[in-house]
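This report concerns only the one structure given below.
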Amino acid sequence: MDGSVKVSLSRHASIDYERISLYLLEDLYQSRAEEHFSRNIDTLFLNLAIFPKMGNLYDTDKELSRPYRKLNLDKYTVFYVYYEEQRCIEVYRILAGLSNYTAIIKDATPIYEI
Numbered sequence: 561m562d563g564s565v566k567v568s569l570s571r572h573a574s575i576d577y578e579r580i581s582l583y584l585l586e587d588l589y590q591s592r593a594e595e596h597f598s599r600n601i602d603t604l605f606l607n608l609a610i611f612p613k614m615g616n617l618y619d620t621d622k623e624l625s626r627p628y629r630k631l632n633l634d635k636y637t638v639f640y641v642y643y644e645e646q647r648c649i650e651v652y653r654i655l656a657g658l659s660n661y662t663a664i665i666k667d668a669t670p671i672y673e674i
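The numbering used here numbers the first residue of the sequence shown as 561 and each following residue consecutively.
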């Protein structure tokens with residue numbers, strides 16, 4: 561075993577990823593920006609698999625059932641939960657930097673393999 565953890569996307573994170581990619585490609589006609597975004601996400605997921613606690617704990621006034629972590633990636637913020645005993649990470653959301661996180665980060669969504 562290599563010591564890395566499994567990284568999975570929630571349904572919401574999958575949709576976020578697709579929407580951002582489509583926005584960059586179809587609305588802005590920026591294929592290079594989309595390639596850059598995809599490459600950075602792939603690199604981030606590889607790094608998370610090795611360093612699962614690299615993100616800061618998300619501090620909010622809301623009572624959450626899971627300890628969300630967040631990382632900034634260019635103009636986007638990635639929210640995830642690290643389940644240490646299961647050695648897996650659930651990427652919960654990939655949001656634009658100006659989003660209202662407290663209105664968006666909620667509990668209870670199933671995860672999907674990537």
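Beta carbons are placed, not taken as given, at the ideal position from N, Cα and C, and that holds for glycine.
Taking residue 596 as the reference, which of 575, 638 and 633 has the closest Cα? Position 36 of the sequence shown, counted from the start, is the residue given in the question as residue 596. Ranking the options by Cα distance to residue 596, first place goes to 633.
Find out if the Cβ-Cβ distance for the pair residue 585, residue 594 is shorter than 8 Å. Numbered from 1 along the sequence shown, position 25 holds the residue referred to as residue 585. Numbered from 1 along the sequence shown, position 34 holds the residue referred to as residue 594. Cβ atoms of residue 585 and residue 594: closer than 8 Å.
Among residues of its own chain, excluding the 5 on either side of residue 668, which ones have a beta-carbon nearer than 6 Å to its beta-carbon? Translated into the one-based positions of the sequence shown, residue 668 becomes position 108. Only weak support is given to the placement of residue 668: the predicted model assigns it a pLDDT of 47, under 50, and the question is left unresolved by the model.
What are the start and end residues of each continuous alpha helix (DSSP H) run of 4 or more residues lying completely inside the segment 564–635, in chain order? 571–582 and 591–610
Residues in its own chain within less than 8 Å of residue 647 by CB, not counting five upstream and five downstream? Translated into the one-based positions of the sequence shown, residue 647 becomes position 87. Around residue 647: 565 and 566.
What does residue 642 pair with, by DSSP beta-bridge criteria? Position 82 of the sequence shown, counted from the first residue, corresponds to residue 642. 649, per the DSSP bridge assignment.
Report the residue from 626, 581, 657 and 570 whose alpha carbon sits nearest the alpha carbon of residue 599. Within the sequence shown, numbered from 1, the residue matching residue 599 stands at position 39. Selected option, being the one with the closest Cα: 581.
Report the option in 603, 631, 602 and 601 whose CA atom is closest to the CA atom of residue 613. Here residue 613 refers to the residue found at position 53 of the sequence shown. Cα-wise, what sits closest to residue 613 is 631.
Beta-carbon proximity of residue 568 to residue 650, cut-off 8 Å: In the sequence shown, counting from the first residue as 1, residue 568 sits at position 8. In the sequence shown, counting from the first residue as 1, residue 650 sits at position 90. Their beta carbons are under 8 Å apart, which means residue 568 touches residue 650 by this criterion.
Just tell me which of 657, 563 and 635 has its CA closest to the CA of residue 606. Sequence index remark: in the sequence shown, residue 606 carries index 46 (1-based). Measuring from the Cα of residue 606, the nearest candidate turns out to be 563.
Between residue 610 and residue 639, what straight-line distance do the alpha-carbon atoms span, to the nearest angstrom? Mapped onto the sequence shown, residue 610 falls at position 50. Mapped onto the sequence shown, residue 639 falls at position 79. Roughly 17 Å between the two C-alpha positions.
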